[in-house]
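The next block holds one structure in the form of structure tokens; read it before the comments.
Protein chains in written order, with the working numbering: chain V, 1 to 305; chain S, 1001 to 1298.
Set out below in structure tokens:
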């Protein structure tokens, strides 16, 4: 009996000693673990759970399996939203990467004004999203907007940016290239810094011209950073929401309805939480898929270098 | 005869080198001139929209609609600003934004530094898996967990409160990543010396590591500031009371209030853009580092 008590005491002492020795690790990580469980992991799992239920207002009522998913996939407005979102993402990712690379190459060498120019190009990236959206809402106004005024100098007639279903997504793409090309540029500049100068010297000895150096040295060695910028930009752009929410309300005739806009509408206008959660899970799967595919390329390519 | 021939030949060579030199100079000027022209062109494209917003906010109702538009507002009018301040509690909304941003900065700096330090310096089983589990959440968009977060916030009675807005962004995975990356570049020797001298872990972190990490802390603070200003849908659905709305969300209400009244809308936009552009101009190198770090080292 007394030996058992002693054993328990001993175990207690050991535990206390362990806790004391690791108190720093425990105290420093506990808030993070608790926070990420409650605010990230559980809500994400609960979204999956909700997507399998028929819901009434905000409470799950009947388990219906994958019925919500089938409803989403049968709905033509989902496919429209998917098409709009992909079109937007492709245009704005390619555009900001190309312009970002061009600007980085222009600023690459040590030249006076390098920091000045690069901080100008980065500036749109820090402008709060709603301010950015209203700014372009005004500048792309079909009648009084600055862009249409400037275009009139090169003989282009007024473009009905946000009021035409053909122009609304290109307008969003234009806006986002403006906002994000500086971000791509900064990352490309950092990537260019890591390329050893000897490689270029060797190429010059071998008689390579500018294009040869670019194709055979710069581009291949920039690939890891390019893929990184691509992943970040794709994840970000697939979440298009504020532009259609503030400017077009998804219109004209659903031409600017994005996946997240549809998610929002299904949840907070139609109060169909189950179906909205199904859209959320589908969005997550799409993002995970893109990330996985690009990361896989990244890994195999690293292997060869 | 012979001599003069030799002379003329050397002259020729001289001429040739001179010509080559001027040619090189010319191509140098051309190359750099062209570079600068393109850079100035792109800078103009970047800056003109921001300039245009501020200019529009200073025009009158009628001069806004002038065609061709005025590049300089004449007369300069503050009517739009007056209107904005009359219609909306701008001061209160700006205060909300400041409170939210500062709280997020404090929680992120404290908790991300703590966790980042432990991830960088401590060895314990499961550390790398735990770190990967946290970092991979950067891939989960806010929208995916929007509804459960909303239900949770209501259950906790935090709708229409600062905590309701702040809590989901109180610890950002990117912040932990940023701090860990930075801490692992610091030399171990100083910390070890302090430990031998009897300094506790808390002492090492607070007295030695953190003072060495001012650039990383600044970067994290600025990243969090930008994050808090970009947040839109979350504050929109959690707050239903105009007085509690942060500025970026408040201005979208304004659009519906003033259908196509561009003056006041641009005044609101300027109120939001100008302060952050000024902070950016003062601290731009830290901004760039804070928002792009990790990409480079990771």
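Just so it is clear, CB atoms sit at the ideal spot from N, CA and C, and this is done for glycine as well.
These figures come from a predicted structure and were not determined experimentally.
Extent of the continuous beta strand (DSSP E) run through residue i
i: residue 55 of chain V; result: 53-56
i: residue 330 of chain V; result: The first residue shown for chain V is 1 and the last is 305, placing residue 330 of chain V beyond what the model contains.
Which listed residue (the options) has its alpha carbon closest to that of residue i
i: residue 1144 of chain S; options: V/259, V/17, V/291; result: V/259
i: residue 1148 of chain S; options: V/100, V/95, V/38; result: V/38
i: residue 943 of chain S; options: S/1043, S/1219, S/1245; result: Since the first residue of chain S shown is 1001 and the last is 1298, residue 943 of chain S is not available in this structure.
i: residue 89 of chain V; options: V/245, V/173, V/118; result: V/173
i: residue 1123 of chain S; options: V/22, V/42, V/215, V/213; result: V/22
i: residue 1152 of chain S; options: V/44, V/279, V/30, V/25; result: V/44
i: residue 256 of chain V; options: V/8, V/64, V/163, V/231; result: V/163
i: residue 1058 of chain S; options: S/1049, S/1167, S/1072; result: S/1072
i: residue 294 of chain V; options: V/194, V/244, V/229; result: V/229
i: residue 122 of chain V; options: V/155, V/97, V/183; result: V/183
i: residue 254 of chain V; options: V/10, V/18, V/76; result: V/76
i: residue 1210 of chain S; options: S/1081, S/1132, S/1191; result: S/1191
i: residue 51 of chain V; options: V/63, V/99, V/139, V/199; result: V/63
i: residue 1039 of chain S; options: V/24, V/161, V/282, V/117; result: V/117
i: residue 176 of chain V; options: V/298, V/240, V/282; result: V/240
i: residue 237 of chain V; options: V/193, V/272, V/87, V/107; result: V/87
i: residue 196 of chain V; options: V/185, V/186, V/213, V/187; result: V/213
i: residue 218 of chain V; options: V/242, V/273, V/188; result: V/188
i: residue 1170 of chain S; options: S/1220, S/1187, S/1186, S/1091; result: S/1220
Delimiting residues of the alpha helix (DSSP H) encompassing residue i
i: residue 190 of chain V; result: 168-193
i: residue 1215 of chain S; result: 1214-1230
i: residue 69 of chain V; result: 67-74
i: residue 226 of chain V; result: 219-237
i: residue 162 of chain V; result: Segment: none, residue 162 of chain V is in no alpha helix (DSSP H) and carries neither H nor E.
i: residue 1340 of chain S; result: Since the first residue shown for chain S is 1001 and the last is 1298, residue 1340 of chain S is missing from the structure and cannot be characterised.
i: residue 262 of chain V; result: 259-268
i: residue 1093 of chain S; result: 1090-1121
i: residue 1234 of chain S; result: 1233-1238
i: residue 1060 of chain S; result: Element bounds for residue 1060 of chain S: n/a, residue is neither H nor E.
i: residue 1250 of chain S; result: 1247-1257
i: residue 1161 of chain S; result: Unbroken run through residue 1161 of chain S: none, as it is neither H nor E.
i: residue 1140 of chain S; result: Note, residue 1140 of chain S: premise wrong, no alpha helix (DSSP H); not H, not E.
i: residue 1087 of chain S; result: 1079-1087
i: residue 209 of chain V; result: Counting along the chain, residue 209 of chain V falls outside any alpha helix (DSSP H), and DSSP gives it neither H nor E.
i: residue 1177 of chain S; result: 1173-1183
i: residue 1193 of chain S; result: 1188-1196
i: residue 30 of chain V; result: 23-36
i: residue 124 of chain V; result: 114-126
i: residue 152 of chain V; result: 146-153
Contact list for residue i against chain S, beta-carbon separation under 8 Å
i: residue 159 of chain V; result: Per Cβ cutoff of 8 Å: no residues; residue 159 of chain V is ~16 Å from chain S at best.
i: residue 242 of chain V; result: 1232, 1233
Neighbouring residues, chain S, relative to residue i (Cβ below 9 Å)
i: residue 47 of chain V; result: 1144, 1145, 1146, 1147, 1148
i: residue 239 of chain V; result: 1141, 1142, 1143
i: residue 235 of chain V; result: 1138, 1139, 1141
Within chain V, partners of residue i - CB distance below 7 Å
i: residue 1280 of chain S; result: 123, 126
i: residue 1242 of chain S; result: Going along chain V, no residue has its Cβ under 7 Å from residue 1242 of chain S, so there is no contact; the nearest lies around 15 Å.
i: residue 1287 of chain S; result: 126
Contacts of residue i in chain V (Cβ-Cβ under 8 Å)
i: residue 1069 of chain S; result: 144, 146, 149
i: residue 1237 of chain S; result: 268
i: residue 1227 of chain S; result: Near residue 1227 of chain S there are no residues of chain V at all, since even the closest Cβ is about 10 Å away, more than 8 Å.
Residue i CB to nearest heavy atom of the ligand FMN below 8 Å
i: residue 1068 of chain S; result: With respect to the ligand FMN, the structure shown offers nothing to examine, as it has no ligands at all.
Under 7 Å by beta carbon: chain S residues contacting residue i
i: residue 69 of chain V; result: Result: empty, since nearest Cβ-Cβ is about 15 Å, beyond 7 Å.
i: residue 154 of chain V; result: Chain S residues near residue 154 of chain V: none, gap ~14 Å exceeds 7 Å.
i: residue 246 of chain V; result: 1252, 1255
i: residue 101 of chain V; result: By Cβ distance, chain S contributes nothing, its closest Cβ being about 13 Å from residue 101 of chain V, past 7 Å.
i: residue 106 of chain V; result: 1035, 1038, 1039
Residues that residue i contacts on chain V, provided the C-beta gap is smaller than 9 Å
i: residue 1265 of chain S; result: 134, 137, 138
Please list the residues of the segment 1139-1157 of chain S that have a C-beta atom closer than 9 Å to any C-beta atom in chain V, keeping them in chain order.
1139, 1140, 1141, 1142, 1143, 1144, 1145, 1146, 1147, 1148, 1149, 1150, 1151, 1152, 1154
Residues from the segment 277-290 of chain V in contact with chain S, defined by Cβ distance under 8 Å:
277, 280, 281, 283, 284, 287, 288
Could you run through the segment 25-58 of chain V and flag, in chain order, every residue whose CB is less than 9 Å away from some CB of chain S?
25, 27, 28, 29, 31, 32, 33, 35, 36, 38, 39, 40, 41, 42, 43, 44, 45, 46, 47, 49, 50, 58
For the segment 108-120 of chain V, enumerate the residues whose C-beta is nearer than 8 Å to any C-beta of chain S, in chain order.
111, 113, 115, 117, 118, 119, 120
Which residues, in order along the segment 1094-1118 of chain S, keep a beta-carbon less than 8 Å from a beta-carbon of chain V?
1111, 1114, 1115, 1117, 1118
Would you list, in chain order, the members of the segment 1122-1133 of chain S that have their beta-carbon closer than 7 Å to a beta-carbon of chain V?
1122, 1124
Report the residues of the segment 1029-1055 of chain S with a CB closer than 9 Å to any CB of chain V, ordered along the chain.
1032, 1035, 1036, 1038, 1039, 1040, 1042, 1043, 1045, 1046, 1047, 1048, 1049, 1050, 1052, 1053
Of the residues that make up the segment 261-274 of chain V, which ones have a beta carbon closer than 9 Å to any beta carbon in chain S?
263, 264, 267, 268, 273
Taking beta-carbon pairs under 9 Å, can you tell me which members of the segment 206-227 of chain V lie near chain S?
225
Of the residues that make up the segment 1173-1184 of chain S, which ones have a beta carbon closer than 9 Å to any beta carbon in chain V?
1173, 1176
Check each residue of the segment 127-141 of chain V: if its Cβ is closer than 9 Å to any Cβ of chain S, include it; give the result in chain order.
127, 128, 129, 130, 131, 132, 133, 134, 135, 136, 137, 138, 139, 141
Can you list, in chain order, the residues of the segment 6-25 of chain V whose Cβ is nearer than 7 Å to any Cβ on chain S?
24, 25
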